[in-house]
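*Asks:*
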Ligand SMILES: [Zn+2]
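Numbering (the working numbering), first residue to last: 1084 to 1219.
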């Protein structure tokens, strides 16, 4: 019997000491307003779960929701931190979770080499004028 799991499974990344998502459970919940109140039907990893998180047979799920799941499967674009990422600037390969800090390092180096970062261009001042009111 399947168990309803959290959507995001987190683990400590030893490289950064940050909690990182290592797995995402594709999940979608439908709220169903019936005679006795709201009931929820949750789809996760091909199984359906009822209000209390217990697995229920697919026949108990309103047909609408089953068809919605068929027509619009849950797609997860995000990839976990165990994915290797290669820097396009220096060619170093590393854990994807280290990418942000690494790129910031490149930006700092570039700015240091270029000297003072250029100040932002001054924007032309726009004079504020009271708007003409339409004649009543
Ligand atoms: Zn790099």
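Just so you know, even glycine gets a beta-carbon here, dropped at the ideal spot from N, CA and C. Just so you know, these numbers come straight off a predicted model, no measurement behind them.
So for residue 1116, helix, strand or coil by DSSP?
*Replies:* Here residue 1116 is taken as the residue at index 33 of the chain shown, counted from 1. Residue 1116: strand per DSSP, three-state reduction.
*Asks:* Along the alpha helix (DSSP H) that carries residue 1189, what are the first and last residues, could you check?
*Replies:* Within the chain shown, numbered from 1, the residue matching residue 1189 stands at position 106. Residue 1189 -> alpha helix (DSSP H) spans 1182 to 1196.
*Asks:* Along the chain, where does the alpha helix (DSSP H) containing residue 1206 start, and where does it finish?
*Replies:* Within the chain shown, residue 1206 is the residue found at index 123, counting from 1. Residue 1206 -> no alpha helix (DSSP H), and no H or E assigned at all.
*Asks:* Please tell me whether residue 1105 and residue 1093 are closer than 8 Å, where the distance is taken between their beta carbons.
*Replies:* In the chain shown, residue 1105 corresponds to position 22, counting from 1. In the chain shown, residue 1093 corresponds to position 10, counting from 1. For residue 1105 and residue 1093, yes; Cβs fall inside 8 Å.
*Asks:* Which of helix, strand or coil does DSSP assign to residue 1146?
*Replies:* Here residue 1146 refers to the residue found at position 63 when the chain shown is read from its first residue. Three-state DSSP puts residue 1146 in a helix.
*Asks:* If you check the beta carbons only, do residue 1101 and residue 1180 fall under 8 Å apart?
*Replies:* Here residue 1101 is taken as the residue at index 18 of the chain shown, counted from 1. Here residue 1180 is taken as the residue at index 97 of the chain shown, counted from 1. Yes, the Cβ-Cβ distance between residue 1101 and residue 1180 is below 8 Å.
*Asks:* Which of helix, strand or coil does DSSP assign to residue 1152?
*Replies:* One-based indexing of the chain shown puts residue 1152 at position 69. Looking at residue 1152 - three-state DSSP - the assignment turns out to be helix.
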